[in-house]
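**Student:** Sequences listed follow chains A and B, in order.
With the numbering used here applied, the first sequence corresponds to residues 167 to 281, in that order.
With the numbering used here applied, the second sequence corresponds to residues 445 to 557, in that order.
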Amino acid sequence: DAGVTQSPTHLIKTRGQQVTLRCSPKSGHDTVSWYQQALGQGPQFIFQYYEEEERQRGNFPDRFSGHQFPNYSSELNVNALLLGDSALYLCASSLDRLAAYNEQFFGPGTRLTVL
Amino acid sequence: AQSVTQLDSQVPVFEEAPVELRCNYSSSVSVYLFWYVQYPNQGLQLLLKYLSGSTLVESINGFEAEFNKSQTSFHLRKPSVHISDTAEYFCAVHETSGSRLTFGEGTQLTVNP
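#1: Once the 5 residues before and after A/S173 are set aside, which same chain residues still bring their CB inside 6 Å of it?
#2: Using a beta-carbon distance below 8 Å, is A/E269 in contact with chain B?
#3: For a contact defined as C-beta to C-beta under 9 Å, what are the partners of A/R181 on chain B?
#4: A/N225: which of A/C257, A/Q202, A/G169 sits nearest, CA to CA?
#5: Output yes or no for whether 8 Å exceeds the beta carbon distance between A/L248 and A/G232.
#6: Considering only residues of the same chain and omitting the five flanking positions on each side of B/P557, which have a CB-CB separation below 7 Å?
#7: Can you give me the Cβ contacts of A/L254 inside the same chain, cut-off strictly under 6 Å, excluding the 5 residues immediately before and after it?
#8: How would you call B/A461, buried or exposed, if buried means at least 16 neighbouring beta carbons within 10 angstroms?
#9: Alpha carbon to alpha carbon, what distance is there between B/L545 and B/V457?
#10: Beta-carbon separation of B/Y469 and B/T499 under 8 Å?
#11: If you drop the 5 nearest sequence neighbours on each side, which residues of the same chain put their C-beta closer than 7 Å to that of A/Q234?
#12: Does DSSP classify A/G232 as helix, strand or coil?
#13: Considering Cα atoms alone, identify which of B/P484, B/E549, B/R466 is closest to A/Q210.
#14: From this set, B/Y483, B/S474, B/G497, B/S541, which residue's C-alpha is nearest B/Y533's C-alpha?
#15: Using the rule of at least 16 other Cβ atoms within 10 Å of the residue's Cβ for burial, across every protein chain shown, is B/Q450 buried or exposed?
#16: Looking at A/L281: is its Cβ nearer than 8 Å to the Cβ of A/I212?
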């Protein structure tokens, strides 16, 4: 049973460019959350997708956008990259069971470096 | 809004010594509490969680944490650590009615021989 997978593993971009990161959820999961982990800090919630809609969003600018596909995979897009966007981007998947808490399983992350 | 404070950014210990990683949280609503572990160049792995019931929760590899509502704490302990426990540990909270995890800034546990 494959866990959460993310691609690419590493990525180097320059300021002002745009980037797309991809996530495939754990088999059977229908919800995807994205987190940004800057060096030396804890992960910060970007947004969550369920049924192809953004369900909840953290305190991130509109340069950060996402998408969820019918097969539940997801993309994170970041426009007009800034040096401060350099971070490990983590994807987490869960199964929405209308429970108060649905455990999130994390992927290995994509390391984005902005030069 | 909720926040998590991990009181120690780095904790060095010798192998087989006990360890405590401290975590305090602030929230205006009920929360669930978690500890995650992150090994170098890997994602986060759930170590243990408190949802309800007994305030003392245990992991399969000897860690335990105790939820203290009056002190809004969820400290992680292990009576005897191994070299392989060297990793970054994150405390996190999840609103009982929300979708997001809020993490602390992490504690780097380094176990020396």
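For each residue, glycine too, the CB sits at the ideal point set by N, CA and C.
A quick note: this is a predicted structure, and the numbers were derived from the prediction, not measured.
**Tutor:** This is what the structure gives:
#1: Indexing the first sequence from 1 puts residue 173 of chain A at position 7. Taking C-beta separations shorter than 6 Å and ignoring five residues to either side along the sequence, the partners of A/S173 in its chain run R188, following chain order.
#2: Along the first sequence, one-based indexing puts residue 269 of chain A at 103. True, the Cβ-Cβ gap to chain B drops below 8 Å.
#3: Within the first sequence, the letter at position 15 stands for residue 181 of chain A. Residues of chain B with a Cβ closer than 9 Å to the Cβ of A/R181 do not exist; the shortest Cβ-Cβ separation is about 25 Å.
#4: The count along the first sequence starts at 1 and reaches residue 225 of chain A at position 59. Sorting A/C257, A/Q202, A/G169 by C-alpha distance to the C-alpha of A/N225 places A/Q202 at the top.
#5: Stepping through the first sequence from its first residue, residue 248 of chain A is reached at position 82. Stepping through the first sequence from its first residue, residue 232 of chain A is reached at position 66. Against a cut-off of 8 Å, the Cβ pair of A/G232 and A/L248 comes out as no contact.
#6: Here residue 557 of chain B corresponds to residue number 113 of the second sequence, with the count starting at 1. For B/P557, where only same-chain residues beyond five positions count, the Cβ hits under 7 Å are E459, I527.
#7: Against the first sequence, residue 254 of chain A aligns to sequence position 88. Excluding residues within five positions, the ones whose Cβ falls inside 6 Å are Q203, G275, R277.
#8: Along the second sequence, read from residue 1 onward, the residue named residue 461 of chain B stands at position 17. The residue in question, B/A461, is exposed, as its Cβ has fewer than 16 Cβ neighbours within 10 Å.
#9: As a first step, residue 457 of chain B is located in the second sequence; it is residue number 13 there, counting from the start. As a first step, residue 545 of chain B is located in the second sequence; it is residue number 101 there, counting from the start. So the two alpha carbons sit approximately 29 Å from each other.
#10: Taking the second sequence and counting its residues from 1, the one referred to as residue 469 of chain B is at position 25. Taking the second sequence and counting its residues from 1, the one referred to as residue 499 of chain B is at position 55. Their beta carbons are not under 8 Å apart, which means B/Y469 does not touch B/T499 by this criterion.
#11: One-based indexing of the first sequence puts residue 234 of chain A at position 68. For A/Q234, where only same-chain residues beyond five positions count, the Cβ hits under 7 Å are V198, Y215, E218, S240.
#12: For the purposes of this step, residue 232 of chain A is taken as residue 66 along the first sequence, with counting starting at 1. Residue state, collapsed to three classes: strand.
#13: Translated into positions along the first sequence, residue 210 of chain A becomes position 44. For the options B/P484, B/E549, B/R466, the alpha carbon positioned closest to that of A/Q210 is the one of B/E549.
#14: Looking up residue 533 of chain B in the second sequence gives position 89. Nearest of B/Y483, B/S474, B/G497, B/S541 to B/Y533, Cα basis: B/Y483.
#15: Along the second sequence, one-based indexing puts residue 450 of chain B at 6. Using a 10 angstroms sphere on the CB of B/Q450, the tally of other CB atoms reaches 16 or more, which defines it as buried.
#16: Here residue 281 of chain A refers to the residue found at position 115 of the first sequence. Here residue 212 of chain A refers to the residue found at position 46 of the first sequence. Taking 8 Å as the Cβ cut-off, A/L281 and A/I212 do not qualify as a contacting pair.
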